[in-house]
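For reference, the structure discussed in these notes is given below.
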Amino acid sequence: MKDSESASIVRFENVGLRYGLGPEVLQDITFALEPASFRFLLGESGAGKSSLLKLLYMALRPTRGQISLFGKNVASTSRHELPRMRRRVGVVFQEFRLLDHLSAFDNVALPMRVAGAKEADIRRHVEELLSWVGLKDHLNSRPTTLSGGQQQRIAIARAVITRPKLLLADEPTGNVDDKMGLRLMHLFEELNKLGTTVIVATHNLGIVRQLAHPVMRLENGRLNTDEAEIISDLGLDEPGVGAGGRTGGPNFTRIH
Amino acid sequence: MFLRRRSDLPMNEDTLGRFLPWLIAFMVFLAALALAGMLVLGDAVARWDTGLNATVTVQVPPGTGAKDDEQRLGQVLAVLARQEGVERYETLSKENLLGLLKPWIGEAGQAGDLPIPVLIDVTVDRDADLDIGRLGQELAALVPGVSVDDHRVWLSQLVRLVTVIQILAWAVLGLIALATVGTVVFTTRTGLAVHRDAIEVLHLIGAQDAYIARQFAARALGLGLRGGFLGLLMAVPTLVGIGYLASQTGSAMVPAPEFGLLKAIGFLALPVAVALLAMTTARSTVMRNLKKMT
């Protein structure tokens, strides 16, 4: 137990979240992820997926329970240490949250600049990544002049440019066609192979079926980590689409 | 780093950039006027000090006749000669005196029948143990009617007035600095509110508060310099005009403004100082306010 505790990249214990005096949108969330895990986070709209991700990227603090990231209790992290923690987390926001006055290049460069990287390194990495996501010809374009799908790819490039230890993506394939969706998922998998823990919140069951990664599901603010139940509930094991043979992820750690 | 063209926040799109330089321009304009007034008064006081502070005028009123006059004058000069602290004394010639009086009495004095007092211009050493009041009493006892006019007495009142005005000018500079701080605090807070979303994104991708504060500080410095030099530029014709008017008076009391290198540096330092003040204010405002954000 002690070992898995220290090895966890993400660890939630009895976490609850409420906004103001409202009802708890997340209740008793308890789970842990080992390094280099890959999880799909499922759940209907309003089930709390975005709230859970906000806790993970430290935009919100839980109203109860304890969250540890990279073995460190988030509640006891000082304001000064927080940026360093956040630099290890890449986020693809559902609404992208690109800075509209910056070019695609500068948007993707931002996490490196914030971390104080050299301009030469920034140029090399950003150009390489943007051409990989098919935006080589749009380095200097403002996000507002690009399509939703193109903006999404910029958002993804920005999230992965610093090779984060934890990558969170909120509906990252919502605005792209299936082919580009899969291509982006393969980018996530590449990073995952290099040791990044990936959590993808998605509605796209097609992609979930095709990529054999463990799933967890938010149901009315509670996290269901019973893989078999989710799979049968959602019909993820139904034949016909994608690779079959879905099994529970070997790297899933359940506490209790 | 500070003068980097690109800003991570869309500062060029907000309206603050348009109105902060003008406010700062007005502040620097006023500050330049206050500084100019201070420098001119400082010059005047320095001139009065060296020119008049060390002089005393002894006035010997005319006696009953030319012989009597000469004797009285001789007695006074004898006292001055042995008085310690008197560095130099010079009797003003009659022609000289009449020249001074000419604007008031015209040619009337030329006839020589007008009783005119004799004036002795005395230069004293202020550091010496010399009591001008006692000297006056001594001379009056010896020669009735002799009076000693210490320029320092009325000069000191003038200097006091000028000193008060100078303190007021300093106060004006201080108020201008306060107004600048207030303006920058206000515009920076507005900027923080306007760019709240972008700032949150910067935070979430790992930007330190200092990184964000630097962007506001760089912006305030740039706008401050732009506005500051604009204000200084506006002040130049005003100051030149005042200088022209002052020189037209031709009065020794109002010295024509001298524009030395040191003063030029003083004026050029104004916009720089205001811009630096704007920069540090913006920085500390951001740092203070960001602590309230996640």
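Which chain is which? The protein sequence lines are Y and R, in order. Numbers given in the working numbering equal positions in the first sequence, counted from 1, plus 658. Numbers given in the working numbering equal positions in the second sequence, counted from 1, plus 227. The beta carbon of each residue, even a glycine, is placed where N, CA and C say it ideally should be.
Original post:
Three-state secondary structure (DSSP) at T820(Y)?
Top reply: Numbered from 1 along the first sequence, position 162 holds the residue referred to as residue 820(Y). The three-state secondary structure of T820(Y), taken from DSSP, is coil.
Subject >> 6 Å Cβ shell around D436(R) - same chain, five flanking residues per side excluded >> reply: Taking the first residue of the second sequence as position 1, residue 436(R) is located at position 209. Within the same chain, D436(R) has close Cβ partners M514, L517.
Subject >> Secondary structure of T860(Y), DSSP reduced to three states >> reply: Here residue 860(Y) refers to the residue found at position 202 when the first sequence is read from its first residue. Three-state DSSP puts T860(Y) in coil, outside helix and strand.
Original post:
Can you list, in chain order, the residues of the stretch 810 to 831 of chain Y whose Cβ is nearer than 7 Å to any Cβ on chain R?
Top reply: Shown here is that no member of the stretch 810 to 831 of chain Y has a Cβ falling below 7 Å from a Cβ of chain R.
**OP:** Decide yes or no for the touch test of the stretch 821 to 829 of chain Y against the stretch 711 to 720 of chain Y: beta carbon pairs closer than 8 Å, at least 3 of them.
**Re:** yes
Original post:
Candidates F670(Y), A694(Y), L684(Y): which alpha carbon is nearest E847(Y)'s?
Top reply: Walking along the first sequence from the start, residue 847(Y) turns up at place 189. Cα-wise, what sits closest to E847(Y) is A694(Y).
Original post:
To the nearest angstrom, how far is it from the Cα of V258(R) to the Cα of I403(R)?
Top reply: For the purposes of this step, residue 258(R) is taken as the residue at position 31 of the second sequence. For the purposes of this step, residue 403(R) is taken as the residue at position 176 of the second sequence. First, the residue type needs correcting, since residue 258(R) is Ala and not Val in the sequence shown. Distance from the CA atom of A258(R) to the CA atom of I403(R), rounded to whole angstroms, is 7 Å.
Subject >> Cutoff 9 Å: V732(Y) Cβ touching any chain R Cβ >> reply: To locate residue 732(Y), count along the first sequence from 1; it is residue 74. For V732(Y), the answer is no, since every Cβ of chain R falls outside 9 Å of its Cβ.
Original post:
Could you give the distance in angstroms between the alpha-carbon of D295(R) and the alpha-carbon of I347(R)?
Top reply: Position 68 of the second sequence, counted from the first residue, corresponds to residue 295(R). Position 120 of the second sequence, counted from the first residue, corresponds to residue 347(R). Distance between the alpha carbons of D295(R) and I347(R): 17 Å.
Subject >> Separation of D270(R) from V355(R), as counted between CA atoms >> reply: As a first step, residue 355(R) is located in the second sequence; it is residue number 128 there, counting from the start. As a first step, residue 270(R) is located in the second sequence; it is residue number 43 there, counting from the start. The sequence shown places Ala at residue 355(R), rather than the Val named in the question. Distance between the alpha carbons of A355(R) and D270(R): 26 Å.
Subject >> alpha helix (DSSP H) runs contained entirely in the stretch 342 to 419 of chain R, provided each spans 4 or more residues >> reply: 359 to 369
Subject >> Beta-carbon gap between V499(R) and V375(R) smaller than 9 Å >> reply: The residue given as residue 499(R) occupies position 272 in the second sequence. The residue given as residue 375(R) occupies position 148 in the second sequence. Not closer than 9 Å, so no.
Original post:
With a cut-off of 9 Å, does the C-beta of H430(R) fall near any C-beta of chain Y?
Top reply: The residue labelled residue 430(R) in the question sits at position 203 within the second sequence. Chain Y contact via Cβ: present.
**OP:** Just tell me which of L727(Y), D686(Y), A775(Y), E682(Y) has its CA closest to the CA of A434(R).
**Re:** Indexing the second sequence from 1 puts residue 434(R) at position 207. It is A775(Y) whose Cα lies nearest to the Cα of A434(R).
Original post:
So, does the CB of L230(R) fall closer than 9 Å to a CB anywhere in chain Y?
Top reply: Taking the second sequence and counting its residues from 1, one reaches residue 230(R) at position 3. Model confidence at L230(R) stands at a pLDDT of 42, short of 50, so the residue's coordinates are unreliable and nothing is read from them.
**OP:** Output the distance between the C-alpha atoms of S511(R) and I439(R), rounded to the nearest integer angstrom.
**Re:** Position 284 of the second sequence holds residue 511(R). Position 212 of the second sequence holds residue 439(R). The alpha-carbon atoms of S511(R) and I439(R) are separated by roughly 11 Å.
**OP:** Give the range of the beta strand (DSSP E) segment to which S726(Y) is assigned.
**Re:** Here the question's residue 726(Y) lines up with position 68 in the first sequence. Element bounds for S726(Y): 722 to 727.
Subject >> Sequence-distant residues of the same chain with beta carbon closer than 7 Å to G451(R), five excluded per side >> reply: Within the second sequence, residue 451(R) is the residue found at index 224, counting from 1. Hits under 7 Å: I251, V501, A502, A505, M506.
Subject >> Where the beta strand (DSSP E) through E877(Y) begins and ends >> reply: Position 219 of the first sequence, counted from the start, is the residue given in the question as residue 877(Y). E877(Y) -> beta strand (DSSP E) spans 873 to 877.
Original post:
Where does L247(R) land, buried or exposed, given buried means 16+ other C-beta within 10 angstroms?
Top reply: What you label residue 247(R) is simply residue 20 of the second sequence in a count that begins at 1. Burial call: buried.
**OP:** Using a Cβ cut-off of 8 Å, pull out every chain Y residue sitting near Q442(R), in sequence order please.
**Re:** In the second sequence, residue 442(R) corresponds to position 215, counting from 1. Near Q442(R) there are no residues of chain Y at all, since even the closest Cβ is about 11 Å away, more than 8 Å.
Original post:
Closest Cβ-Cβ distance between D779(Y) and chain R: below 9 Å?
Top reply: Here residue 779(Y) corresponds to residue number 121 of the first sequence, with the count starting at 1. Answer no: the Cβ-Cβ gap between D779(Y) and chain R never drops below 9 Å.
Subject >> Candidates G455(R), L466(R), R423(R): closest to F443(R) by CA position >> reply: To locate residue 443(R), count along the second sequence from 1; it is residue 216. Nearest of G455(R), L466(R), R423(R) to F443(R), Cα basis: R423(R).
Original post:
Nearest chain Y C-beta to A445(R) closer than 9 Å, yes or no?
Top reply: In the second sequence, counting from the first residue as 1, residue 445(R) sits at position 218. Not closer than 9 Å to any Cβ of chain Y, the Cβ of A445(R) fails to qualify, so no.
Original post:
Alpha carbon to alpha carbon, how far is M228(R) from S234(R)?
Top reply: Along the second sequence, one-based indexing puts residue 228(R) at 1. Along the second sequence, one-based indexing puts residue 234(R) at 7. Summary for M228(R): the model assigns pLDDT 39, below 50, so the residue's position carries little reliability; its value from the coordinates is reported in the next sentence. Going from the Cα of M228(R) to the Cα of S234(R) covers about 11 Å.
Subject >> C-beta neighbour in chain R for G720(Y), strict 9 Å >> reply: Stepping through the first sequence from its first residue, residue 720(Y) is reached at position 62. Contrary to the premise, residue 720(Y) reads as Pro rather than Gly in this sequence. Cβ-Cβ to chain R under 9 Å: no for P720(Y).
Original post:
Any residues in the stretch 857 to 886 of chain Y with a beta carbon nearer than 8 Å to a beta carbon of chain R? Which ones, in chain order?
Top reply: none
**OP:** Identify each residue in the stretch 734 to 750 of chain Y for which the Cβ-Cβ distance to at least one residue of chain R is less than 9 Å, and report them in chain order.
**Re:** Taking 9 Å as the Cβ-Cβ cut-off, the stretch 734 to 750 of chain Y approaches chain R at R737, H738, L740, P741, R742, M743, R744, R745, R746, V747, G748, V749, given in chain order.
Original post:
So what does DSSP say about A901(Y), is it helix, strand or coil?
Top reply: What you label residue 901(Y) is simply residue 243 of the first sequence in a count that begins at 1. Caution is warranted here: a pLDDT of 41 is assigned to A901(Y), below 50, making its placement in the model unreliable, and the coordinate value is therefore given only provisionally. Coil at A901(Y), not helix or strand.
Subject >> Own chain residues within Cβ distance below 6 Å of A509(R), not counting five before or after >> reply: As a position in the second sequence, residue 509(R) is number 282, starting the count at 1. Around A509(R): V411, T415, F443, A444, A447.
Subject >> Same chain, Cβ closer than 6 Å to G723(Y), neighbours up to 5 away in sequence not counted >> reply: Reading the first sequence from its first residue, position 65 is the one you call residue 723(Y). Scanning its chain for C-beta atoms nearer than 6 Å, with the 5 sequence neighbours on each side dropped, one finds around G723(Y) the residues E671, N672, V673, G674, in chain order.
Subject >> Pair within 9 Å by beta-carbon distance, V370(R) and P289(R) >> reply: Taking the first residue of the second sequence as 1, we reach residue 370(R) at position 143. Taking the first residue of the second sequence as 1, we reach residue 289(R) at position 62. No.
Subject >> Cutoff 9 Å: R676(Y) Cβ touching any chain R Cβ >> reply: Reading the first sequence from its first residue, position 18 is the one you call residue 676(Y). Cβ-Cβ to chain R under 9 Å: no for R676(Y).
**OP:** Decide yes or no for the touch test of the stretch 385 to 396 of chain R against the stretch 297 to 314 of chain R: beta carbon pairs closer than 8 Å, at least 3 of them.
**Re:** no
Subject >> Beta carbon proximity, H783(Y) to chain R, threshold 9 Å >> reply: Here the question's residue 783(Y) lines up with position 125 in the first sequence. Interface criterion not met: the Cβ of H783(Y) is under 9 Å from no Cβ in chain R.
**OP:** For the alpha helix (DSSP H) holding I439(R), just list the boundary residues, first then last.
**Re:** Here residue 439(R) corresponds to residue number 212 of the second sequence, with the count starting at 1. Start and end: 436 to 476.
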